[in-house]
Amino acid sequence: MSDDILTRLMDVLEARKQADADSSYVASLYHKGLDTILKKIGEESAETIIAGKAGDKDQIIYEMADLWFHSLVLLAHKGLSVEQVLQELERRFGLSGHEEKASRQVK
């Protein structure tokens, strides 16, 4: 399995920005706009929660993949990158959750 799947997927998501809305699911999401993308993330989040509660490992993986995918669509829609998220995770690595939360600046 390739460890650069997120980068490859982001490349495809970027390319879909130029596609006709009828030509791909992702292009249709971009065409419908931010609210539709956010709604999909909410739906996939709820489905992930339900799968987690049910405890079916295969279903958890399936729903988590959907949640990550739609989260990547949001990143691409907003012109953000996987690398930016990874950098934030790297920044947090080694901090306790309490330390990380205390280090946040009010925005």
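So the sequence shown is numbered by this note's numbering: it starts at 939 and just counts up by one. By construction, the Cβ of each residue, glycine as well, lies at the ideal position given by its N, Cα and C atoms.
Query: Could I get the ranges of all uninterrupted alpha helix (DSSP H) runs contained in the region 974-1041, with 4 residues as the minimum, in chain order?; Result: 995-1015, 1020-1030, 1035-1041
Query: Comparing C-alpha positions only, which one of Leu1013, Leu1012, Gly990 sits nearest to Met1002?; Result: Gly990
Query: Would Ile987 pass as a contact of His1015 if the rule is Cβ separation under 7 Å?; Result: no
Query: With a threshold of 16 other CB atoms inside 10 Å of the CB of Leu1010, please say whether the residue is buried or exposed.; Result: buried
Query: When you compare each of Glu1028, Phe1007, Arg954, Leu972 to Ile943 by their alpha carbons, which one comes out closest?; Result: Phe1007
Query: Secondary structure at Asp949, three-state DSSP: helix, strand or coil?; Result: helix
Query: Would Asp1004 and Glu1021 qualify as a contact pair, given that the criterion is a beta-carbon distance under 7 Å?; Result: no
Query: Can you give me the Cβ contacts of Asp958 inside the same chain, cut-off strictly under 7 Å, excluding the 5 residues immediately before and after it?; Result: Ala965
Query: Thinking C-beta only, is Lys955 closer than 7 Å to Tyr913?; Result: Since the first residue of the chain shown is 939 and the last is 1045, residue 913 is not available in this structure.
Query: For Glu985, which residues of its own chain have a beta-carbon under 6 Å away from its beta-carbon, when the five flanking residues on both sides are left out?; Result: Glu1001
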